[in-house]
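> Protein sequence lines, in the order shown, are assigned to chains A, B and C.
With our numbering, letter number 50 in the first sequence gets 51, and the count goes up by one each step, no holes.
With our numbering, letter number 435 in the second sequence gets 575, and the count goes up by one each step, no holes.
With our numbering, letter number 109 in the third sequence gets 112, and the count goes up by one each step, no holes.
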Amino acid sequence: MLQTLSGPCFVASLLIFVVGLLARAVWYVRGLDWRLERVAYAYHRDRSVSGALASIGKWLLPGGTAGWRAQPVAMLAFFLLHFGAVLIPLFLLGHTVLLEETTGISLPSLPPNVADILCIASLAGLGLLVLRRLFSPVLRQLNTWKDWLVLLLTFMPFFTGLMCKFDANAYDTWLLLHVITGELFLVLAPFTKLAHIVLFFMSRAQLGMDYAIKRGGRARGGVFPW
Amino acid sequence: MSQILCSPAPLTTKEAIHELLADKGGAEYYKQMRQLKVNQDALAYDLQSTCKSRTRTWLNICAHCGMCADSCFFYKTNNNDPKQIPSYKIQSTLGELLKRNGRVDAEFMMHCMDVAWGQCTCCNRCGMYCPHGIDTGVMFSYLRGVLFKQGFTPWEMKIGSGMHRVYGAQMDVTEEDWVDTCEWMADENSDEWPGLEIPVEKVGADVMYICNAREPKHYPEDLAQAAILFHVTGTNWTVPRVGWENTSLTMFAGDFEGCAMNIKRIYEAVERLKPKVVVGTECGHAHRATVVEGPYWAGRESGDPPVPFMHYVEWVAHVLRTGKLKINPEKKLKMPCTLQDACNYVRNDGLGRYTREIMSYIAEDFREMDPNNEHNFCCGGGGGMNGIGRYRKERNIGLKNKLDQIRATGAEMVVTPCHNCWDAIRDMMEVYEEHNIKWSFLKPLLINMMEIPPNIEHVES
Amino acid sequence: MPIITLRSACAFCCSLLLLVLVATSSQSAESDEILTVSFPAIANPSLPKVIFNHTKHVNYVDEHGSDCSRCHRVTKQGLSTAFSDARLQKAGNQVSYLHQSCTGCHSKSGQGPALVQCRACHVEAASLGANNK
Numbered sequence: 002m003l004q005t006l007s008g009p010c011f012v013a014s015l016l017i018f019v020v021g022l023l024a025r026a027v028w029y030v031r032g033l034d035w036r037l038e039r040v041a042y043a044y045h046r047d048r049s050v051s052g053a054l055a056s057i058g059k060w061l062l063p064g065g066t067a068g069w070r071a072q073p074v075a076m077l078a079f080f081l082l083h084f085g086a087v088l089i090p091l092f093l094l095g096h097t098v099l100l101e102e103t104t105g106i107s108l109p110s111l112p113p114n115v116a117d118i119l120c121i122a123s124l125a126g127l128g129l130l131v132l133r134r135l136f137s138p139v140l141r142q143l144n145t146w147k148d149w150l151v152l153l154l155t156f157m158p159f160f161t162g163l164m165c166k167f168d169a170n171a172y173d174t175w176l177l178l179h180v181i182t183g184e185l186f187l188v189l190a191p192f193t194k195l196a197h198i199v200l201f202f203m204s205r206a207q208l209g210m211d212y213a214i215k216r217g218g219r220a221r222g223g224v225f226p227w
Numbered sequence: 141m142s143q144i145l146c147s148p149a150p151l152t153t154k155e156a157i158h159e160l161l162a163d164k165g166g167a168e169y170y171k172q173m174r175q176l177k178v179n180q181d182a183l184a185y186d187l188q189s190t191c192k193s194r195t196r197t198w199l200n201i202c203a204h205c206g207m208c209a210d211s212c213f214f215y216k217t218n219n220n221d222p223k224q225i226p227s228y229k230i231q232s233t234l235g236e237l238l239k240r241n242g243r244v245d246a247e248f249m250m251h252c253m254d255v256a257w258g259q260c261t262c263c264n265r266c267g268m269y270c271p272h273g274i275d276t277g278v279m280f281s282y283l284r285g286v287l288f289k290q291g292f293t294p295w296e297m298k299i300g301s302g303m304h305r306v307y308g309a310q311m312d313v314t315e316e317d318w319v320d321t322c323e324w325m326a327d328e329n330s331d332e333w334p335g336l337e338i339p340v341e342k343v344g345a346d347v348m349y350i351c352n353a354r355e356p357k358h359y360p361e362d363l364a365q366a367a368i369l370f371h372v373t374g375t376n377w378t379v380p381r382v383g384w385e386n387t388s389l390t391m392f393a394g395d396f397e398g399c400a401m402n403i404k405r406i407y408e409a410v411e412r413l414k415p416k417v418v419v420g421t422e423c424g425h426a427h428r429a430t431v432v433e434g435p436y437w438a439g440r441e442s443g444d445p446p447v448p449f450m451h452y453v454e455w456v457a458h459v460l461r462t463g464k465l466k467i468n469p470e471k472k473l474k475m476p477c478t479l480q481d482a483c484n485y486v487r488n489d490g491l492g493r494y495t496r497e498i499m500s501y502i503a504e505d506f507r508e509m510d511p512n513n514e515h516n517f518c519c520g521g522g523g524g525m526n527g528i529g530r531y532r533k534e535r536n537i538g539l540k541n542k543l544d545q546i547r548a549t550g551a552e553m554v555v556t557p558c559h560n561c562w563d564a565i566r567d568m569m570e571v572y573e574e575h576n577i578k579w580s581f582l583k584p585l586l587i588n589m590m591e592i593p594p595n596i597e598h599v600e601s
Numbered sequence: 004m005p006i007i008t009l010r011s012a013c014a015f016c017c018s019l020l021l022l023v024l025v026a027t028s029s030q031s032a033e034s035d036e037i038l039t040v041s042f043p044a045i046a047n048p049s050l051p052k053v054i055f056n057h058t059k060h061v062n063y064v065d066e067h068g069s070d071c072s073r074c075h076r077v078t079k080q081g082l083s084t085a086f087s088d089a090r091l092q093k094a095g096n097q098v099s100y101l102h103q104s105c106t107g108c109h110s111k112s113g114q115g116p117a118l119v120q121c122r123a124c125h126v127e128a129a130s131l132g133a134n135n136k
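1) Using 9 Å as the limit for Cβ to Cβ distance, is A:Val98 near chain C?
2) Assign B:His575 to one of two classes, buried (16 or more other C-beta atoms within 10 Å of its C-beta) or exposed (fewer than that).
3) Taking only runs of the alpha helix (DSSP H) that begin and end inside the stretch 414-454 of chain B, which ones reach a length of at least 4 residues, in chain order?
4) For C:Gly81, which residues does DSSP report across the bridge?
5) Between which two residues does the beta strand (DSSP E) harbouring B:Cys477 extend?
6) I'd like to know if A:Asn170 contacts chain B, where contact means its C-beta is closer than 9 Å to some C-beta of that chain.
7) Report back the beta-carbon spacing between B:Ile201 and A:Lys194 to the nearest angstrom; my notes put them in contact at under 8 Å.
8) If we require 4 or more residues per run, which alpha helix (DSSP H) segments fall completely within the stretch 122-170 of chain A?
9) Can you tell me where the beta strand (DSSP E) with B:Met348 in it begins and where it stops?
10) Any C-beta of chain C sitting closer than 9 Å to the C-beta of A:Leu176?
11) What in chain A is Cβ-close to C:Ser87, meaning under 9 Å?
12) By a C-beta neighbour count over all protein chains shown, 10 Å radius and 16 as the cutoff for buried, is B:Gly420 buried or exposed?
13) What would DSSP say about B:His371, mapped onto helix, strand or coil?
14) Would you please verify whether the beta carbon of B:Pro557 is less than 9 Å from any beta carbon of chain A?
15) Between the alpha carbons of B:Lys357 and B:Met311, how many angstroms are there, rounded?
16) DSSP has B:Ile467 in a bridge; who is on the other side?
17) From the DSSP output, in three-state form, read off B:Lys578 for me.
18) Report the option in A:Leu6, A:Ile121, A:Ile17 and A:Leu200 whose CA atom is closest to the CA atom of B:Pro271.
19) In the structure shown, what three-state DSSP assignment does A:Leu3 receive?
20) Going by C-alpha distance, which of B:Glu159, B:Thr495, B:Pro415 and B:Pro148 is nearest B:Ala345?
21) Reducing DSSP to helix, strand and coil, say where C:Ser39 ends up.
22) Measure the alpha-carbon distance for A:Arg221 versus A:Ile121 and round it to whole angstroms.
23) For a contact meaning CB atoms closer than 9 Å, what does A:Val180 contact in chain C?
24) Check whether the Cβ of C:Leu50 lies closer than 9 Å to any Cβ atom in chain A.
25) Based on DSSP bridge pairs, tell me the residues matched to B:Ala503.
26) Which full runs of the beta strand (DSSP E) of 3+ residues lie inside the stretch 499-553 of chain B, going along the chain?
27) Quick check on the DSSP output: what are the complete beta strand (DSSP E) runs of length 3 or more inside the stretch 82-114 of chain C, in order along the chain?
28) Specify the secondary structure class of B:Thr378 as computed by DSSP and reduced to three states.
29) Can you name the start and end residues of the beta strand (DSSP E) that C:Ile54 belongs to?
30) Under the DSSP definition of a beta bridge, which residues are partnered with B:Val555?
31) Which residues of chain A have a Cβ atom closer than 7 Å to the Cβ of B:Tyr436, listed in chain order?
32) Does A:His79 get closer than 9 Å to chain B when you measure Cβ to Cβ?
33) Can you tell me whether DSSP reads B:Ala340 as helix, strand or coil?
34) Across which residues does DSSP place A:His83 in a beta bridge pair?
35) Contact criterion: CB-CB distance below 9 Å. Does A:Ser14 meet it with respect to chain C?
36) Identify the contact partners of B:Met279 in chain A, using a Cβ-Cβ distance below 7 Å as the criterion.
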């Protein structure tokens, strides 16, 4: 079973992930309408490109925006989670080997200790996010099952992956769970809020361009003081 | 009353406006609204054809992280009421409307109306605090458009939209009234300022000046002050006969067809008079409607107006910088002063640096509010809220936020180059009985402290 | 018969080979030969070296009508200690070659760990026996 899951199933879920997210990105861009949004996307390249990049870049930096600085706890939780969530799936040694053997794409790999620390940090970040969701009155007003689903989908691969390492006696069981939950994450990402993996960039770029092209770019230039 | 007051059709005649005005406070209008039939097919079609990937993605990927909550002054002033979280407000209205694909009743539409106009001023502040770049203010503005098309618009906004369609101005000021007021103000002040003119429809002037209908209608001295400042700075200026009004209650009302009519009137005046630049009065939403959003309603692909348009603060900063207007240092504001950043031209058009430049010329003790500039809070009355009786209570609660901000600076004067902010600040001082803080537009302040150049004749009155 | 000769030669060489390899590996239960893959030598390995049950592999090869040459090349110096053509691979490709060869055969035969089961083969010598069934 593991052969099938880690072979053809892995390739299939990777394909769904990549094609699905690409489709969402394409659908996003194709759905933009300069008249409806009132943003002249094709004009003012001198400031629109920097506007889009600043809008993405500043939010990728911890403390890079007033929004992050205003909410240090939320910021900490997000970044703890996302450092690992971006780096581990792509650069963990086992993942790079699997990726190379199945797709031929060769990526550098993280030192195992660093990967362990990142993974534990991500789980800590997830824990903080869960606590926020449970106890913040704001989040309690907003919570839906979809938000919990996303947290669960994210938690499982991290947790089972870490257990593979720390519970060697049940290695095969944890590994099987890890492969299943990892692939579930890949397959569901394009259809859930996990699609923000690409749509974050689209949406941020759009708002950055809106401010750079229309709302003040003329006076302010491309870089909005996020 | 037996006539139909509330319907999806916009007001297009004087009679219709007067009939609706006669319904005091819109009592009958709102009663009829409750019985209004939602055209679900048309609604579904509108949502399908105008709600595209940007908005749907915004609603879709909202992580419900709650980071927008604290950015909203309604949330803050309502004791952190979870129902005032921007994300919740939009998800429970537009989000729900999309989920049900327009299969909703009048009660739900009225709820949407009460949120879209009564709990959001479209200040766009929350959009700056969302990691995903979700601009809820933009979505509420869109929702207002959807609601307007179905007839679910607050009474005053419906009237405002009708005014623009019938009079080409937000108030019932006819072309004749306008031209008369210009002549009257020029006459009235020419004893003190010999040679003062308000040139109407002069082709080829450097500056075409456009303003808010409240100015000729309720405080025409504002128009006179604009004239004096143009006169003193030796500006070759004019006002158009038609297309002189740059506000857009149609924008607040969600009447985007009406918005297009407004802007085309103004751009036509530009075409007729061929000014080098257009200067708009001290009004935030007028600037937004004419300069920021306007070009799009006029179908201009570049998103730019046909000639450069300046907000009044840009023009003032320019004449101060170039020395055309000189300030008497003795007469600079001595008391502690602060500055109200209007969302519509500061956050949404980047003009905060010009207002600050002006403050450096006119105030000795200038104190910033916290937060300020792009991160400012709405005055509390934006997006049409000042004018809507139905949400007066909600507005007054929200005003407290700005009052606290002003008080924290210790300022005794709030420089307020925006009509809406000016109203909100006047009202908050009254509602919260604050009698020690003054507020003012720029024009009267400048006239009091300017140096009159030797070539300009001035007779002390 | 040449085949018989080759087989006995192989057997002889294998025993020699074992002497070399077993020296570094610990002997588990019964009398199975548990070997450590020592080629290629990796300076700072991220994971423990691969340890495998050589007896099981020999038995499998035997039962399926093949011989040592299934995994070892005969050179002028005798039977190669390294796996198959591992030494002929470019330096950067040797690990990948072994991954593909080992798990490829496991996959075809339906036995042995898959590529994802990193720690089925990369085990600490100390914990031997737990996974190398």
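Built from N, CA and C at the ideal position, the CB exists for glycine as well.
In short:
1) Translated into the one-based positions of the first sequence, residue 98 of chain A becomes position 97. For A:Val98, a Cβ of chain C is located within less than 9 Å of the residue's own Cβ.
2) Working through the second sequence from its first residue, we reach residue 575 of chain B at position 435. Flag for B:His575 reads exposed.
3) 424-427 and 434-437
4) To locate residue 81 of chain C, count along the third sequence from 1; it is residue 78. Note: C:Gly81 is bridge-paired with C:Thr78 in the DSSP secondary-structure output.
5) Within the second sequence, numbered from 1, the residue matching residue 477 of chain B stands at position 337. Here the beta strand (DSSP E) through B:Cys477 covers Leu473 to Leu479.
6) Along the first sequence, read from residue 1 onward, the residue named residue 170 of chain A stands at position 169. No - not a single Cβ of chain B is within 9 Å of the one on A:Asn170.
7) For the purposes of this step, residue 201 of chain B is taken as the residue at position 61 of the second sequence. For the purposes of this step, residue 194 of chain A is taken as the residue at position 193 of the first sequence. The pair is a contact, with the Cβ atoms about 6 Å apart (cut-off 8 Å).
8) 138-143 and 146-167
9) Within the second sequence, the letter at position 208 stands for residue 348 of chain B. Note, B:Met348: beta strand (DSSP E), Val347 to Ile350.
10) Locating residue 176 of chain A in the first sequence gives position 175, counting from the first residue. Yes, A:Leu176 lies at the interface with chain C (some Cβ there is under 9 Å from its Cβ).
11) Looking up residue 87 of chain C in the third sequence gives position 84. Those within 9 Å of C:Ser87 in chain A number zero; the least Cβ separation is about 17 Å.
12) Here residue 420 of chain B is taken as the residue at index 280 of the second sequence, counted from 1. Its Cβ being crowded by 16 or more others within 10 Å, B:Gly420 is buried.
13) Here residue 371 of chain B is taken as the residue at index 231 of the second sequence, counted from 1. The answer is helix: DSSP assigns B:His371 an H, G or I state.
14) The residue you call residue 557 of chain B lines up with position 417 of the second sequence. No, because no Cβ of chain A sits closer than 9 Å to the Cβ of B:Pro557.
15) Mapped onto the second sequence, residue 357 of chain B falls at position 217. Mapped onto the second sequence, residue 311 of chain B falls at position 171. Approximately 8 Å between the Cα atoms of the pair.
16) As a position in the second sequence, residue 467 of chain B is number 327, starting the count at 1. Note: B:Ile467 sits in a beta bridge opposite B:Met590.
17) Here residue 578 of chain B refers to the residue found at position 438 when the second sequence is read from its first residue. It is a strand residue.
18) Along the second sequence, one-based indexing puts residue 271 of chain B at 131. B:Pro271 has its Cα closest to that of A:Leu200, out of A:Leu6, A:Ile121, A:Ile17 and A:Leu200.
19) Taking the first residue of the first sequence as 1, we reach residue 3 of chain A at position 2. If DSSP states are grouped into helix, strand and coil, A:Leu3 belongs with the helices.
20) The count along the second sequence starts at 1 and reaches residue 345 of chain B at position 205. Measuring from the Cα of B:Ala345, the nearest candidate turns out to be B:Pro415.
21) Walking along the third sequence from the start, residue 39 of chain C turns up at place 36. It should be pointed out that residue 39 of chain C corresponds to Thr in this sequence rather than to Ser. In this structure, C:Thr39 counts as strand in the three-state DSSP scheme.
22) The sequence position of residue 221 of chain A within the first sequence is 220, counting from 1. The sequence position of residue 121 of chain A within the first sequence is 120, counting from 1. Their Cα atoms are separated by approximately 42 Å.
23) For the purposes of this step, residue 180 of chain A is taken as the residue at position 179 of the first sequence. Near A:Val180 (Cβ distances below 9 Å), the residues of chain C are Val119.
24) Working through the third sequence from its first residue, we reach residue 50 of chain C at position 47. Chain A places a beta carbon closer than 9 Å to that of C:Leu50, counting this residue as a contact.
25) Numbered from 1 along the second sequence, position 363 holds the residue referred to as residue 503 of chain B. Answer by DSSP bridge pairing, in chain order: B:Leu473.
26) 503-506
27) DSSP runs (the beta strand (DSSP E)) wholly in the stretch 82-114 of chain C: none.
28) The count along the second sequence starts at 1 and reaches residue 378 of chain B at position 238. Strand, per DSSP.
29) Here residue 54 of chain C refers to the residue found at position 51 when the third sequence is read from its first residue. Taken as a continuous stretch (DSSP letters only), the beta strand (DSSP E) holding C:Ile54 covers Ile54 to Asn56.
30) Walking along the second sequence from the start, residue 555 of chain B turns up at place 415. In DSSP, B:Val555 forms a bridge with B:Leu479 and B:Ser580.
31) Within the second sequence, residue 436 of chain B is the residue found at index 296, counting from 1. Per Cβ cutoff of 7 Å: Arg36 and Arg39.
32) By 1-based counting over the first sequence, the position of residue 79 of chain A is 78. What sits at residue 79 of chain A in the sequence shown is Phe, not His. It does: the Cβ of A:Phe79 has a partner Cβ on chain B nearer than 9 Å.
33) Along the second sequence, one-based indexing puts residue 340 of chain B at 200. Looking at the sequence itself, residue 340 of chain B is Val, so the reference to Ala does not match. In the structure shown, B:Val340 falls within a strand segment according to DSSP collapsed to helix, strand and coil.
34) Residue mapping note: residue 83 of chain A aligns to position 82 of the first sequence, counting from 1. Per DSSP, none; premise fails for A:His83.
35) Start at 1 with the first residue of the first sequence, and residue 14 of chain A comes out as number 13. No, because no Cβ of chain C sits closer than 9 Å to the Cβ of A:Ser14.
36) Residue 279 of chain B sits at position 139 when you count from the first residue of the second sequence. Residues of chain A passing the Cβ test: none, with the nearest at roughly 11 Å.
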